[in-house]
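Numbering (our numbering), first residue to last: 46 to 479. First up is the structure itself, then whatever we jot down about it.
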Ligand code: S3P
């Protein structure tokens with residue numbers, strides 16, 4: 046599928062974007078390992094989260110739905126998973142493979158996990174290394190999928206000082222820690238999303254955070270519960286930027302997760318001069334949510350504070366479009382993790398920005414973008430959903446048509462993006478590939 050976008054438009058109305066991807070994955074994983082039933086609402090019916098559902102079904106867990114965002118999981122307990130008949134194929138989902146590696150390292154059966162072409166290029170050494178230290182046996186050629194996990198290993202609790210700010214690695218180690226002897230603890234170079242810690246507590250499992258040392262003891266149990274998944278701020282981000290850059294826009298996004306470890310996009314846009322207000326702040330199932338109103342405002346280029354980088358790590362494709370539409374220069378540093386996402390997001394975004402005529406300079410760990418007029422052209426997405434959505438919203442300020450190639454992956458995180466974008470004011474047509 047390809048998106049054709051006519052230039053210009055205004056973004057108005059009210060919308061609830063699909064459920065949070067990170068929280069949706071974790072609701073299935075912990076629900077499956079809990080005792081009793083877990084009911085989830087607001088679940089993301091995107092391909093990545095469905096890959097997690099399929100993986101647990103393949104390991105004998107009864108999961109009903111998702112239907113209208115509702116899922117019911119009949120937990121099998123921490124030791125109730127069964128060996129799958131085949132390798133688990135988790136598609137494009139880095140979160141599934143990395144969190145599952147931790148969980149499956151402690152089982153008594155062997156399992157292989159693989160995924161699509163994009164996933165097969167992504168680094169897994171970052172989870173293999175701490176898991177090996179815990180006593181797990183995991184093989185992956187060149188530190189890439191497929192991963193082969195040999196079951197029946199006795200895991201030991203360790204302390205792991207994370208070399209990079211990664212919630213997936215943190216979560217992987219903590220989930221392996223559920224099966225380890227003694228305590229497992231981690232420290233991180235900068236705070237990352239804490240949905241695993243919050244949700245484990247919601248399932249009645251004690252997780253401590255003492256001066257940044259996050260720890261749990263193995264050998265406990267999880268109790269099934271109810272989970273209300275907020276709308277994904279990472280999906281909302283495209284429309285936060287869209288309304289900020291398109292003159293005349295006024296948009297309300299409802300029930301959006303505003304966990305402090307995820308709101309870098311709001312902080313950065315606000316520093317750039319965006320007009321964003323939070324309303325109706327409340328807490329649902331241990332996660333803060335709010336309705337977010339965003340109105341057009343002229344943006345200015347900034348030096349993005351490095352402490353905001355892990356808090357906005359998935360939102361940079363959208364933020365680069367904001368920078369392209371801002372007056373002056375935006376500088377991003379300390380963001381080398383962007384190179385190992387679903388694509389090398391620094392390279393893929395720089396290429397697209399250059400196509401649109403936006404001056405930019407690629408750095409090893411970031412990018413410099415000079416705001417200016419946006420032309421049009423053909424954009425390559427490198428199998429990356431967020432590259433596709435970022436250049437779709439760019440059309441609001443472009444002077445010519447933009448064609449975004451290979452947009453099928455948008456469904457991994459944001460099913461219905463094209464229809465919602467049209468409803469809010471983008472002039473987007475989805476075309477089937479020839
Ligand atoms: C995620 C963590 C982040 C993020 C990804 C989801 C998670 O990855 O980019 O989309 O759910 O834990 P890293 O841990 O690799 O930074």
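In this text, a Cβ means the ideal position worked out from N, Cα and C, and glycines have one as well. None of the values given here were measured: they were computed from a predicted structure.
1. Leaving out the 5 sequence neighbours to the left and right, which residues in its chain are closer than 6 angstroms to residue 178 when beta-carbon positions are compared?
2. Shortest alpha-carbon distance to residue 279 belongs to which of 106, 72 and 431?
3. When burial is assigned at 16 or more other CB atoms within 10 Å of the CB, is residue 464 buried or exposed?
4. Pick out whichever of 267, 289 and 98 has its Cα sitting closest to the Cα of residue 371.
5. Is residue 385 closer than 8 angstroms to residue 168 when the C-beta atoms are compared?
6. For residue 468, name the three-state secondary structure that DSSP assigns.
7. Would you say the beta carbon of residue 235 comes nearer than 7 angstroms to a heavy atom of the ligand S3P?
8. Considering only DSSP beta bridges, list what residue 333 is partnered with.
9. Compute the minimum distance between the beta carbon of residue 336 and the heavy atoms of the ligand MN, and state whether it is under 7 angstroms.
10. Considering residue 118, what are the terminal residues of the beta strand (DSSP E) in which it resides?
11. From the DSSP secondary-structure annotation, give me the bridge partner or partners of residue 272.
12. Can you tell me where the beta strand (DSSP E) holding residue 66 begins and where it ends?
13. Can you give, in chain order, each stretch of the beta strand (DSSP E) that sits fully within the region 107 to 158 and has at least 3 residues?
14. Given 7 angstroms as the limit, tell me if residue 353 has its C-beta closer than that to any heavy atom belonging to the ligand S3P.
15. So, for residue 302: in the same chain, excluding its five sequence neighbours on each side, which residues have a beta-carbon less than 6 angstroms away from its beta-carbon?
16. Is residue 360 near residue 310, with beta carbons less than 8 angstroms apart?
17. In angstroms, rounded to a whole number, what distance separates the CA positions of residue 62 and residue 118?
18. Where does residue 213 fall in DSSP's three states?
19. May I ask you to report which of helix, strand or coil DSSP gives residue 279?
20. Can you give, in chain order, each stretch of the alpha helix (DSSP H) that sits fully within the region 335 to 378 and has at least 4 residues?
21. Just list the beta strand (DSSP E) runs in the region 407 to 451, keeping only unbroken ones of 3 residues or longer that don't cross its boundaries, in chain order.
22. Could you tell me which of 243, 409 and 447 sits nearest to residue 425, measuring between CA atoms?
On the basis of the coordinates in this document:
1. 203
2. 431
3. exposed
4. 289
5. yes
6. The three-state secondary structure of residue 468, taken from DSSP, is helix.
7. no
8. 328
9. Absence of the ligand MN from the depicted structure is noted, with the ligand S3P being the only ligands included.
10. 115 to 119
11. 85
12. Run containing residue 66: none in the beta strand (DSSP E); it sits in the alpha helix (DSSP H), 66 to 78.
13. 107 to 112 and 115 to 119
14. no
15. 65, 275, 278, 332 and 334
16. Yes.
17. 23 angstroms
18. helix
19. helix
20. 361 to 370
21. 411 to 415, 422 to 424 and 447 to 449
22. 447
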